[in-house]
Amino acid sequence: MKNTFNPLQRLHFYAAIFIAPLLITLTISGIGYLFFPEVENNIYKNEFFGDSDVKTHQTLNDAVHQVERQYEGFFVSKVSILDEPYNKRITLSDMAGNQRYVFLDHNNQFVADQNAKHTYSNVMRSIHSSLFTENTIINYLVELTACWTIFMILSGIYLLIKKHLISNKSKALHWQKWHAMIGIIIAIPVFVLVLTGLPWSGFMGSKIAGMMDTNGDLGQGELAINPPKSDLNELPWATRKNKQPASSEKGSSGHHGKSAMPQTKLDYQISIDKVVEQAQKSGIKKPFSIVYPSDKHGTFIVSNTSNSGVTGLDVSPYKEQTLYFDQYSGKKLGTIKYDDYGIIAKWFTWGIPLHEGHLFGILNKIINLFVCIALLVAIGMGFVSWIKRTKNTAVKVPNRVKKPASISLIICLIVLGLLMPLFGLSLILVFIIELILYIKDRRAKQ
1 MKNTFNPLQR
11 LHFYAAIFIA
21 PLLITLTISG
31 IGYLFFPEVE
41 NNIYKNEFFG
51 DSDVKTHQTL
61 NDAVHQVERQ
71 YEGFFVSKVS
81 ILDEPYNKRI
91 TLSDMAGNQR
101 YVFLDHNNQF
111 VADQNAKHTY
121 SNVMRSIHSS
131 LFTENTIINY
141 LVELTACWTI
151 FMILSGIYLL
161 IKKHLISNKS
171 KALHWQKWHA
181 MIGIIIAIPV
191 FVLVLTGLPW
201 SGFMGSKIAG
211 MMDTNGDLGQ
221 GELAINPPKS
231 DLNELPWATR
241 KNKQPASSEK
251 GSSGHHGKSA
261 MPQTKLDYQI
271 SIDKVVEQAQ
281 KSGIKKPFSI
291 VYPSDKHGTF
301 IVSNTSNSGV
311 TGLDVSPYKE
321 QTLYFDQYSG
331 KKLGTIKYDD
341 YGIIAKWFTW
351 GIPLHEGHLF
361 GILNKIINLF
371 VCIALLVAIG
381 MGFVSWIKRT
391 KNTAVKVPNR
401 VKKPASISLI
411 ICLIVLGLLM
421 PLFGLSLILV
431 FIIELILYIK
441 DRRAKQ
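full-length UniProt numbering puts the first residue of the sequence shown at 1, with every later residue one more than the last.
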């Protein structure tokens with residue numbers, strides 16, 4: 001190769017300097033999110049498992065209307081029916097995007113409520129995805145960090161092999177050697193964690209979903225006519241963007257309603273108790289969630305999901321299913337199960353629980369925790385290695401070799417840039433920085 005080592009070394013350095021702070025934040029927040037069910041089961045005991053002071057029984061439908069009257073300005077977007085001993089959970093939303101959770105006991109009586117934004121799991125998730133800003137630009141920066149992490153894994157492996165670090169006995173390379181050895185041990189697990197985190201990303205996540213929508217072999221074929229407008233956070237990831245069948249509205253002139261809010265009081269709409277009954281007759285088992293229709297042509301969406309992000313709501317990926325029910329007759333209009341998923345949908349249906357640490361129980365959490373801690377240690381050792389190597393020198397950046405970069409390196413970077421567009425755009429910025437530094441060096445020597 002003409003010159004691969006030096007450009008890779010400099011790019012590895014740039015990546016470490018620019019993404020390390022975000023990568024550390026993502027890793028720590030990931031550890032926090034890893035154990036959110038255990039944490040929430042302990043800090044929200046009353047909400048999850050408590051009983052109301054009211055001992056009389058009421059229907060779930062009456063409870064929904066009672067909650068809507070009690071929380072003026074909010075509307076019920078979904079109801080989650082969890083396994084005992086968990087209480088039922090109603091999700092309320094308003095037009096500003098705020099959410100509240102209301103918990104009902106076995107008599108469907110009010111127990112407690114929460115501000116959704118401030119629950120432990122949602123705080124950890126928000127930090128992990130957008131540093132608690134809910135800002136698209138920050139979300140893109142988080143995604144960019146993930147892209148550069150993939151590059152750092154690949155370039156780190158190359159540098160390790162090229163420098164023969166494992167067999168090198170030099171004491172001067174002690175910290176660098178341990179940085180590399182830990183990196184090589186966790187390279188594959190970190191790569192998998194990054195890859196399975198992409199469905200949540202702002203740019204690539206939408207591209208993946210779009211690819212699934214247009215290719216049934218990869219994702220999902222079209223199920224129906226009207227896209228759902230309800231809040232779909234608790235649906236399976238693979239079917240959140242699916243089109244749904246339309247209900248046959250009684251007395252309709254055929255015109256679509258314009259409201260995007262979930263509707264709980266439409267004329268002739270069946271009760272949610274009837275929806276629960278029909279869903280269970282169709283094979284749905286607890287835990288499951290019900291999303292209300294978004295307009296008079298919409299359907300009730302009932303689902304089991306493996307990646308809800310809700311304590312007590314997840315099932316095995318194999319048991320995922322999404323059912324659509326006519327909101328007037330209760331007739332089942334369509335079903336999507338795990339076996340109907342395409343290749344990408346199946347991969348992420350397994351990958352997201354793996355990323356979150358609940359695919360195969362406590363062992364999954366322990367492995368993810370070990371990988372996260374090892375990653376933090378590797379970052380720390382890399383930083384110490386850099387400090388020790390450059391403490392007596394004026395130049396802190398790896399020296400530039402006056403040779404053109406190898407064709408193979410350029411091709412690899414182009415391929416990575418095409419696969420990860422944000423990475424490709426950031427490479428352009430890095431090359432501009434390199435060009436400025438090169439021109440500055442040339443002028444200094446003249």
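Where is the CB? At the ideal position from N, CA and C, for every residue including glycine.
This structure is a prediction, so every number in the text was calculated from the model and none was measured.
### Query
Beta carbon of K319, beta carbon of F325: below 8 Å?
no
### Query
Comparing alpha-carbon positions, which option in C372, I367 and Q58 lies nearest Q109?
Considering only alpha carbons, the answer is Q58.
### Query
Does any heavy atom of the ligand HEM sit closer than 7 Å to the C-beta of T322?
Questions concerning the ligand HEM fall outside what the structure shown contains, since it holds no ligand whatsoever.
### Query
Whole-angstrom Cβ separation of Y292 and S77, contact assumed at under 8 Å?
6 Å
### Query
Run through DSSP, which three-state label would N61 get?
If DSSP states are grouped into helix, strand and coil, N61 belongs with the helices.
### Task
Pull up the distance between the alpha-carbon of P379 and that of I367, whole angstroms please.
The sequence as given places Ile at residue 379; Pro does not occur at that position. Distance between the alpha carbons of I379 and I367: 18 Å.
#### Entry: M124 burial status per 10 Å Cβ neighbour count (16 or more: buried)
buried
### Beta carbon of N307 nearer than 8 Å to that of I344
No, these two residues do not count as a Cβ contact at 8 Å.
### Query
Going by Cα to Cα distance, which pick from K171, R89 and F348 is closest to A63?
R89
### 8 Å Cβ cutoff met for A96 and N46
no
### Message
Just to confirm the assignment: which complete beta strand (DSSP E) runs, minimum length 3, are found wholly within the region 105-146?
### Response
If one requires a minimum length of 3 residues, the beta strand (DSSP E) runs lying completely within the region 105-146 are 110-115, in chain order.
### Query
Among Q99, Q278 and V79, which residue has its Cα nearest to the Cα of L333?
Here the closest residue by C-alpha is Q278.
### Query
Do L313 and S282 come within 8 Å of each other at the CB atom, strictly closer than that value?
no
### Among L8, T311 and L323, nearest to T119 - alpha-carbon criterion
T311
### Of the listed residues V371, Q70, L416 and S303, nearest to I188 (C-alpha basis)
The residue with the shortest Cα to Cα distance from I188 is V371.
### Query
With a Cβ-Cβ cutoff of 8 Å, do T136 and G202 count as a contact?
yes
#### Entry: Between the CA atoms of S29 and F191 - distance to the nearest angstrom
Going by the C-alpha atoms only, they are around 18 Å apart.
### Query
What is the residue span of the beta strand (DSSP E) that L92 lies within?
K88 to S93
### Query
Going by other Cβ atoms of all chains shown within 10 Å of its Cβ, with 16 needed for buried, is K365 buried or exposed?
buried
### Query
Any idea what DSSP makes of E222, helix, strand or coil?
Low per-residue confidence applies at E222: pLDDT is 48, beneath 50, and the placement is therefore not dependable enough to give any value.
### Message
Please tell me whether Q375 and T27 are closer than 8 Å, where the distance is taken between their beta carbons.
### Response
The sequence shown places Leu at residue 375, rather than the Gln named in the question. Less than 8 Å separates the beta-carbon of L375 from that of T27.
### Query
Looking at C-alpha atoms only, which residue of S93, F49, L323 and G73 is the closest neighbour of P85?
F49
### Task
Would you identify the three-state DSSP class for V415, choosing helix, strand or coil?
helix
### Task
Quickly, what does DSSP pair N307 with across the bridge? List them, please.
Its beta-bridge partners do not exist; DSSP assigns none.
### Query
Is it buried or exposed for I439, if we count other Cβ within 10 angstroms and need 16 for buried?
exposed
### Message
Assuming D441 is part of the beta strand (DSSP E), what are its boundary residues?
### Response
Counting along the chain, D441 falls outside any beta strand (DSSP E), though it belongs to the alpha helix (DSSP H) covering P421 to K445.
### Query
Do L144 and F423 have their CB atoms nearer than 8 Å?
Taking 8 Å as the Cβ cut-off, L144 and F423 qualify as a contacting pair.
### Query
How many angstroms separate the CA atom of D231 from the CA atom of K117?
Confidence is the limiting factor: at D231 the pLDDT is only 36, short of 50, which leaves the residue's position unreliable, though a coordinate-based value still follows. Going by the C-alpha atoms only, they are around 15 Å apart.
### Message
Quick check: what's the CA-CA separation for N115 versus H128?
### Response
19 Å
### Message
Distance check for A444 and I414, CA to CA, integer angstroms please.
### Response
32 Å
### Message
On the CB-based measure, 16 or more other CB atoms within 10 Å of its CB, does P404 come out buried or exposed?
### Response
Under the 10 Å beta carbon count, P404 is surrounded by fewer than 16 other beta carbons and is classified as exposed.
### Task
Express the C-alpha separation of I157 and I184 in angstroms, rounding to a whole number.
I184 and I157 have their C-alpha atoms roughly 7 Å apart.
### Query
When DSSP labels each residue in this structure, what does L323 get in the three-state scheme?
strand
### Query
Closest by CA to K207, which one among P421, L435, S408 and L11?
P421
### Message
I believe L193 touches H355 by the beta-carbon criterion, under 8 Å. Please report the beta-carbon distance rounded to the nearest angstrom.
### Response
6 Å
### Query
Are T335 and Q321 closer than 8 Å when you measure CB to CB?
yes
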